[in-house]
Each structure stands twice: as structure tokens, then as C-alpha cells.
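**Q** One structure is given below, represented as C-alpha cells, and several questions about it will come after.
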Amino acid sequence: PPQSYIRAAGAPLTVIAHRGASSAAPENTLASQEIARRGGADFVENDVQPSKDGVPYVLHDGTVDRTTDGSGAVRSLTSAQIDALDAGSWFAPHYKGARVPTLAAQLDDLRTRGGDLLLEIKGAHTKDEVATIVDTIRDHGMTGRVFVQSFEVDALRYTHELAPDLPLGLLRSTLDADPVALAKELHLAAYNPEDGALSKKPSVISDLHKAGVAVMVWTVDSADRWKALESAGVDGVITNRPTELNGWNSAF
Ligand code: G3P
Ligand code: CA
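Just so you know, we're using mature numbering (1 follows the signal peptide of the UniProt record, and there is no 0) here: the sequence shown kicks off at 197 and counts up by one.
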């Protein structure tokens, strides 16, 4: 990995805005990204998956039904169809007309206005699909500002083969038997467990740190848990309330 993401003693938690500032604006839109930026988040987290014609789009679910005025699987819709969707009205009338961003549009916004990206490759991807994502990151000159994560081991393997300079995180809903061995095998810069799963065995934090691997925990929205995780030594927190976590960090 190009650098360590392990938090220095006494340093604040890394603030990662889950789908942008998704408690304040529609998730995975440029609006939620803007609020995360203004609130001082270190990273915006988002989810990427391809349209029918192979364009990477920023959307969490496998379908557009919950977060747009359309319906159908993302992979069954063309980019022209996705571009026509309203991704804001479901959240609040104020956001009517917000679009499902392409990854390219999101990277343009970050490059020009500031901010780094924790990019989740969502669901199974072919190596060609991962190559399109990697090329988009490179074409935007954002290699040094993007951290790739996934639940999909193959997507991480492909990313490493195509772009060994991109830092990698493995998302986990339950802890692996040997997270350190897996981290070494996959060239991970971070191991990113769900909060409740990590609570079952917090000793993995120091095990991973000894191997140079950071721990970013999801999805944590309460100050009580931020405090517990800070004390336990985790490095970053993925939260729907990034502005509040940033304020909590400063006041701590
Ligand atoms: O970044 C961690 C988190 O985003 C994983 O869960 O379902 O929100 O993508 P999900
Ligand atoms: Ca995600």
C-alpha cells in the first residue's frame, strides 16, 4: 500500500461520510457529497456499479427503485435511462432533480472542489468492469485520493492486479478466522468490519495494526460508540453523520 492509514496516538478518528452526508441529503448524490465536504469529512464513501452499457454509476442498491423515481436493476438500464432519473425527491422535495452521478461526475466534483473518496465496488464485478473503474480514477488524476473497498474478494484482487498503487479495504459483516492472513494475501491497507462484528473480538484491532493494516468500522452514528471505538484504537469510522463526528472529534 502507498501509505499507512493507521491513526497516530492522540489523533482524531478519520471521518468517512457513508454515502455522503446521507442523514442530511439524498445518499450517493453530489448534494450529499457537498454537505460531507463542508462538514469536514476526510472521505466520502460511495457505492459504484455499472449500467447496462458499462458506465460506472454511484448507487447503493441493485435496483433504482428505492432512491429514484424509476424502477429496475441498475445493470438493466442504459446510461441515458439512469441520467433521466430523479434521485432527490424520495428524500425531500428540496432535492428534486438531483441525479444519480456517474463515477466520472463524482470524481470531477471531488477533484475541483476537494475531498477524497472511499469507493466501494458494490456486488460482483468482472475484471473488465473493474478495469473501467480503475481507468476512470486514473483518467481523472485521482489515484492518490481514492481508497477502494469491497465485500467482494475478487474485485479487490482485480483492482490490485490492475492498479497496485490503489489502497484496498475489505468490508466484512462478520470477522474472518484470521483477518491478518487475509489482509496479507489481499494486500489490504484496511480491514473494515461492521461495528457489532468487531465488538465480538476487539483484539483484532491490535493484531491488524501490528501487520500495518488500518481498521475502518461501519456504520456508526452515536457518540457513545464513537467514544468506544476511539478508545479501542480503531482508525476510521464510516458514519451517516459526518459533520457531527467531525465536531465530536474537535471537541474531544
Ligand atoms: O462502507 C461500509 C458500508 O457502506 C457497507 O454497507 O450496505 O452501506 O454498502 P453498505
Ligand atoms: Ca457502501
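Yeah, the Cβ is synthetic: ideal placement off N, Cα and C, and Gly gets one too.
(1) Check whether the Cβ of His-214 sits closer than 8 Å to any heavy atom of ligand 1, and report yes or no.
(2) Tell me which residue opens and which closes the alpha helix (DSSP H) that Glu-316 is part of.
(3) So, are the CB atoms of Gln-345 and Leu-303 less than 9 Å apart?
(4) Compare the Cα-Cα distances from Ala-327 to each of Glu-426, Arg-309, Pro-360 and report the closest residue.
(5) What are the start and end residues of the beta strand (DSSP E) that includes Leu-366?
(6) Suppose contacts are defined by Cβ-Cβ distances below 9 Å. Is Ala-385 in contact with Gly-311 by that definition?
(7) On a CA-only basis, which of Asp-279, Ala-269, Ser-228 is nearest Ala-217? Give me that one, please.
(8) Suppose you measure from the CA of Gly-250 to the CA of Leu-382; what does that come to, to the nearest Å?
(9) Using a strict less-than 5 Å threshold between each residue's beta carbon and the heavy atoms of ligand 2, what residues do you get?
(10) Hey, which unbroken runs of the beta strand (DSSP E) at 3 residues or more fall wholly within the segment 406-443?
(11) I need the boundaries of the alpha helix (DSSP H) containing Pro-246, first residue and last residue.
(12) According to DSSP, Ile-212 sits in a beta bridge with which residue or residues?
(13) Would residue 453 and Ser-275 qualify as a contact pair, given that the criterion is a beta-carbon distance under 9 Å?
(14) Runs of 4 residues minimum, wholly inside the segment 281-367: which ones carry the alpha helix (DSSP H) assignment?
(15) Under 8 Å by Cβ, that's how I've got Leu-441 and Trp-422 pegged, so tell me the actual separation to the nearest angstrom.
(16) Using the three-state DSSP reduction, which class does Ala-207 fall into: helix, strand or coil?
(17) Pick helix, strand or coil for Ala-386, following the three-state DSSP scheme.
(18) How about the segment 355-369 and the segment 321-335: do they share at least three Cβ pairs that are nearer than 8 Å?
(19) With a CB to CB cut of under 7 Å and the five nearest residues on each side skipped, what residues in its chain are close to Glu-241?
(20) Let me check understanding here. Comparing Cα to Cα, which of Glu-426, Gly-408, Pro-246 lies closest to Val-416?
(21) Starting from Ile-231 and walking both ways along the alpha helix (DSSP H), at which residues does that stretch end?
(22) I need the boundaries of the alpha helix (DSSP H) containing Gly-258, first residue and last residue.
**A** A quick look at the data gives this:
(1) Numbered from 1 along the sequence shown, position 18 holds the residue referred to as residue 214. Yes - ligand 1 has a heavy atom lying nearer than 8 Å to the Cβ of His-214.
(2) To locate residue 316, count along the sequence shown from 1; it is residue 120. No alpha helix (DSSP H) contains Glu-316, which is instead part of the beta strand (DSSP E) from 312-317.
(3) The residue labelled residue 345 in the question sits at position 149 within the sequence shown. The residue labelled residue 303 in the question sits at position 107 within the sequence shown. Result no, Cβ atoms of Gln-345 and Leu-303 do not sit closer than 9 Å.
(4) For the purposes of this step, residue 327 is taken as residue 131 along the sequence shown, with counting starting at 1. Residue Pro-360 is the option with its Cα nearest to Ala-327.
(5) As a working note, residue 366 is residue 170 in the sequence shown. It spans 364-368 - the beta strand (DSSP E) in which Leu-366 sits, taken as one unbroken run.
(6) Sequence index remark: in the sequence shown, residue 385 carries index 189 (1-based). Sequence index remark: in the sequence shown, residue 311 carries index 115 (1-based). Result no, Cβ atoms of Ala-385 and Gly-311 do not sit closer than 9 Å.
(7) Start at 1 with the first residue of the sequence shown, and residue 217 comes out as number 21. Closest in alpha carbon position to Ala-217, among Asp-279, Ala-269, Ser-228, is Ser-228.
(8) Numbered from its first residue, the sequence shown carries residue 250 at position 54. Numbered from its first residue, the sequence shown carries residue 382 at position 186. Looking at the backbone, the Cα of Gly-250 and that of Leu-382 are separated by about 26 Å.
(9) Counting only beta-carbon distances shorter than 5 Å to the non-hydrogen atoms of ligand 2, the qualifying residues in chain order are Asp-243, Glu-316.
(10) DSSP assignment within the segment 406-443 yields the following whole beta strand (DSSP E) runs of 3 residues or more, N-terminal first: 410-413, 432-435.
(11) Here residue 246 corresponds to residue number 50 of the sequence shown, with the count starting at 1. From DSSP, Pro-246 is part of no alpha helix (DSSP H) but of the beta strand (DSSP E) over 239-246.
(12) Reading the sequence shown from its first residue, position 16 is the one you call residue 212. Ile-212 pairs with Phe-239, Ile-434.
(13) Absent from the model: residue 453. The displayed extent of the chain is 197 to 448, so no value can be given.
(14) Complete alpha helix (DSSP H) runs here, min 4: 299-309, 323-335, 349-358.
(15) For the purposes of this step, residue 441 is taken as residue 245 along the sequence shown, with counting starting at 1. For the purposes of this step, residue 422 is taken as residue 226 along the sequence shown, with counting starting at 1. Right, their Cβ atoms sit about 6 Å apart.
(16) The residue labelled residue 207 in the question sits at position 11 within the sequence shown. In the structure shown, Ala-207 sits in coil (DSSP, three-state: anything other than H, G, I, E or B).
(17) Locating residue 386 in the sequence shown gives position 190, where the first residue counts as 1. In the structure shown, Ala-386 sits in a strand (DSSP, three-state: E or B).
(18) Result yes; three or more Cβ-Cβ pairs closer than 8 Å.
(19) Position 45 of the sequence shown, counted from the first residue, corresponds to residue 241. Answer for Glu-241: Ile-212, Ala-213, His-214, Arg-215, Leu-314, Glu-316, Ile-434, listed in chain order.
(20) Numbered from its first residue, the sequence shown carries residue 416 at position 220. Minimum Cα-Cα distance from Val-416 among the listed residues Glu-426, Gly-408, Pro-246 corresponds to Glu-426.
(21) For this step, residue 231 is matched to residue 35 along the sequence shown. DSSP places Ile-231 inside the alpha helix (DSSP H), whose first and last residues are 226-234.
(22) In the sequence shown, the residue the question calls residue 258 occupies position 62. Note, Gly-258: premise wrong, no alpha helix (DSSP H); not H, not E.
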